[in-house]
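Working notes, structure below.
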Amino acid sequence: MSDVMYERFCAIEFWRYDDKDTIDMYERAKEFAQFFPYIFARLADVVTHTFTFVFTVWALIAINAWLGLAVVLAAVPSVIVQFRLSRVNANHWRENVETRRRASWIEWEMLKPHKMIDLRLYGLVRHLLDMRMALLEKDQKTRIDFERKFLAKR
1 MSDVMYERFC AIEFWRYDDK DTIDMYERAK EFAQFFPYIF ARLADVVTHT
51 FTFVFTVWAL IAINAWLGLA VVLAAVPSVI VQFRLSRVNA NHWRENVETR
101 RRASWIEWEM LKPHKMIDLR LYGLVRHLLD MRMALLEKDQ KTRIDFERKF
151 LAKR
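No gaps in the numbering here: position 25 of the sequence shown is 25 in the numbering used here, and each next residue is one more.
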């Protein structure tokens, strides 16, 4: 699937390579194609765990109703907090695409052997590494901050 997308991306008009919306759409499609099997497996795990939880609670209620109720009351708040954290994390991921894209571009360009000579010659290695680190820290700091905020609620 990713080969077909790449082939179509290489066949678009030249002016569209500079169009931010086109690049964003291609990257979203590429990420979807790469992560579809992972997402499918995660959804299967969620369904399996949900059935397991329901069956376990049903068995506990059959043995002792209060014990089953206690398990449900203990699990519901953590599920709500985890759901909210996932939504905040997904929103953060969508909003900081450009920051991660810049950091990835710097890393990608620095690893090309024919560019390493120029980077060393002009003394840009440390500057680019610092710039990449600042971008990564900006992205990760925001995620860590809202995870800390939700940590107390867990």
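Where is the CB? At the ideal position from N, CA and C, for every residue including glycine.
All of these numbers come straight from a predicted model, not from anything done at the bench.
With a 10 Å radius around its C-beta and 16 neighbouring C-beta atoms as the bar for buried, classify residue i as buried or exposed.
i	result
Ala-134	exposed
Ala-65	exposed
Ala-103	buried
Would you call the CB atoms of residue i and residue j closer than 7 angstroms?
i	j	result
Arg-28	Thr-22	no
Thr-99	Lys-141	no
Val-54	Val-72	no
Met-110	Leu-128	yes
Met-106	Arg-126	The sequence as given places Ile at residue 106; Met does not occur at that position. Not a contact, by the Cβ cut-off of 7 angstroms.
Arg-8	His-92	no
To the nearest whole angstrom, what separates the beta carbons of residue i and residue j, a pair I think is in contact under 8 angstroms?
i	j	result
Glu-84	Phe-150	Just to set this straight, residue 84 is Arg in the shown sequence, not Glu. Right, their Cβ atoms sit about 7 angstroms apart.
Is residue i close to chain B? Criterion is C-beta to C-beta, closer than 7 angstroms.
i	result
Arg-126	The structure shown contains no chain B, having only a single protein chain.
Item to check | Sufficient close CB pairs (3 or more, under 8 angstroms) joining the region 59 to 74 to the region 27 to 44 | outcome: The region 27 to 44 and the region 59 to 74 do not touch, with fewer than three beta-carbon pairs separated by less than 8 angstroms.
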